[in-house]
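Residue numbers (our numbering): 547 to 830. Even glycine gets a Cβ: it sits at the ideal position worked out from N, Cα and C.
Here it is in structure tokens:
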């Protein structure tokens, strides 16, 4: 049974922010994470944001802006996302089942702050910025600073996630998004990796980004690996070194756990494969 003490469905953004100002309401869009929590007895007051027009995709000269209520299905079928943010296009197409993709939203995936959130590693590669609104005004927060730990973020009780802004890529790059799960579909990711690599005509890496999910307490970029890769010639040897560094970073931050003997070699293999795919090198 769902424990629900109040439900509001405003038509205007200002009205929604006024309701949130009480600090008692939780925004709901797709509900794919929140509804199961309610069924477990967490009594909440819900603010339905489905009528606020937050399912937009916009672009200007520098950014692509995605409304927080955009569903995974919308993002995984949009031509602009496919062309300009291919990692996000791939990631959202692998979320759960088609039913979950049709209901679940990118904003909910971010706010829930699960370590295995599929869309977040992809967005981290694009230096995503979150736009948060309240009656006090607007503030922008970098996605890599927003998640504080498993299921913890810095959003305030009176704030609403309005949109996600991603920088347009200044130089063409290859990319790779890999998801490891117990089966091919309808699964929760055990580990995800998203990477981009831009190279010059001599195969020297001019810009590399890499982020992972279910590796650290929160989805994170790996600046140490990016620094290692930049200005080096792409090669299997370089990527093997980067993969071993990724494993060391995981252990240093998360410690040695019962799953480490499994996760360490898997992470090494995924990093090597992702970097090879992103750079156009045969992984075998």
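Under the 8 Å Cβ criterion, the region 695–713 counts as touching the region 677–685, having at least three qualifying pairs. Here residue 706 is bridged, per DSSP, to 679. Residue nearest to residue 761 within the set 803, 783, 720 is 803 (criterion: CA-CA distance). Residue 766 sits away from residue 741, with the two beta carbons spaced by 8 Å or more. Residue pairing from DSSP places residue 767 in a beta bridge opposite 757.
For residue 796, no beta strand (DSSP E) run applies; the uninterrupted alpha helix (DSSP H) run containing it begins and ends at 782–800, by DSSP. Excluding its 5 nearest sequence neighbours in each direction, residue 750 has C-beta neighbours in its own chain below 8 Å: 777, 778, 779, 780, listed in chain order. Around the beta carbon of residue 568, fewer than 16 other beta carbons sit within 10 angstroms, so the residue counts as exposed.
In this structure, the CA atom of residue 676 is about 29 Å from the CA atom of residue 788. Assignment of residue 571 by DSSP, reduced to helix, strand and coil, places it in the strand class. Taken atom to atom, the span from the alpha-carbon of residue 727 to that of residue 648 is near 20 Å. The C-alpha of residue 637 is placed about 15 Å away from the C-alpha of residue 674. Looking at the DSSP output, residue 712 sits in a beta bridge with 610. Within the model, the alpha-carbon separation for residue 664 versus residue 735 is close to 7 Å. About 4 Å separates the beta carbons of residue 615 and residue 600, which is inside the 8 Å limit, making them a contact pair.
The region 587–663 contains, as complete beta strand (DSSP E) runs of 3+ residues, the segments 590–594, 603–605, 609–613 (chain order). Within its own chain, the residues whose Cβ lies closer than 7 Å to the Cβ of residue 786, once the five positions on either side in sequence are excluded, are 818, listed in chain order. Shortest Cα-Cα distance from residue 711 to any of 668, 745, 747 involves 668. In this structure residue 629 is exposed. Its beta-carbon is surrounded by fewer than 16 other beta-carbon atoms within 10 angstroms.
Comparing alpha carbon positions, the residue from 653, 737, 806 closest to residue 724 is 737.
Counting of Cβ neighbours within 10 angstroms places residue 655 among the buried residues, the total reaching 16 or more. Under the three-state reduction of DSSP output, residue 827 falls in the coil class, being neither helix nor strand. For residue 687, the closest C-alpha among the options 657, 714, 715, 716 is that of 657.
Your pair residue 574 and residue 580 checks out as a contact, with CB atoms roughly 5 Å apart and the cut at 8 Å.
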